[in-house]
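With my numbering applied, the sequence shown has no gaps in its numbers, which climb one by one up to 589 at the end.
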Amino acid sequence: EKRGQLLEIGDKAQSMTEIAGQYMGLLKFTPKGWKIVEEQLNKLSQNQLDRLDMTALLRLLLEQGVAINVVPVEGKWCEVDSEHDLRLYEKKIYQVDKSDRCWIHDWRG
Numbered sequence: 481e482k483r484g485q486l487l488e489i490g491d492k493a494q495s496m497t498e499i500a501g502q503y504m505g506l507l508k509f510t511p512k513g514w515k516i517v518e519e520q521l522n523k524l525s526q527n528q529l530d531r532l533d534m535t536a537l538l539r540l541l542l543e544q545g546v547a548i549n550v551v552p553v554e555g556k557w558c559e560v561d562s563e564h565d566l567r568l569y570e571k572k573i574y575q576v577d578k579s580d581r582c583w584i585h586d587w588r589g
């Protein structure tokens, strides 16, 4: 395992212990890195491009042997995909703030 590098993305985990991190959707490319991305995108058909999401792009880059560095983020973020998510998280954050507990986005247990 290479510390600080993305090794795989998008596969279904067999258990929670297999998960070392979660993709939060923020990316920063160096000029050299963006050139590599453009080269890979130019190899794809229009149909492939139309179906491509960021997770699939990152997986494609990994399959091509591109090193992708990651930056760990400790707490205080959550993924909001809908207005329902936003209301749920606002409620959870309010509850935590009232109790003076540490805020964390992972409420699984």
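We treat Cβ as the ideally placed atom computed from N, Cα and C, and that holds for glycine.
Taking 8 Å as the upper bound for CB-CB distance, Leu529 and Leu542 are not in contact here, some 18 Å apart. The C-alpha of Gly505 lies about 8 Å from the C-alpha of Met534. With a minimum length of 4 residues, the unbroken runs of alpha helix (DSSP H) contained wholly in the region 493-545 fall at 511-522, 526-531 and 534-543. Contact between Gln485 and Ala536 does not hold, since the beta-carbon distance rounds to 19 Å and is not under 8 Å.
Around the beta carbon of Leu538, a 10 Å sphere encloses 16 or more other beta carbons of the protein chains shown; the residue is thus reported as buried.
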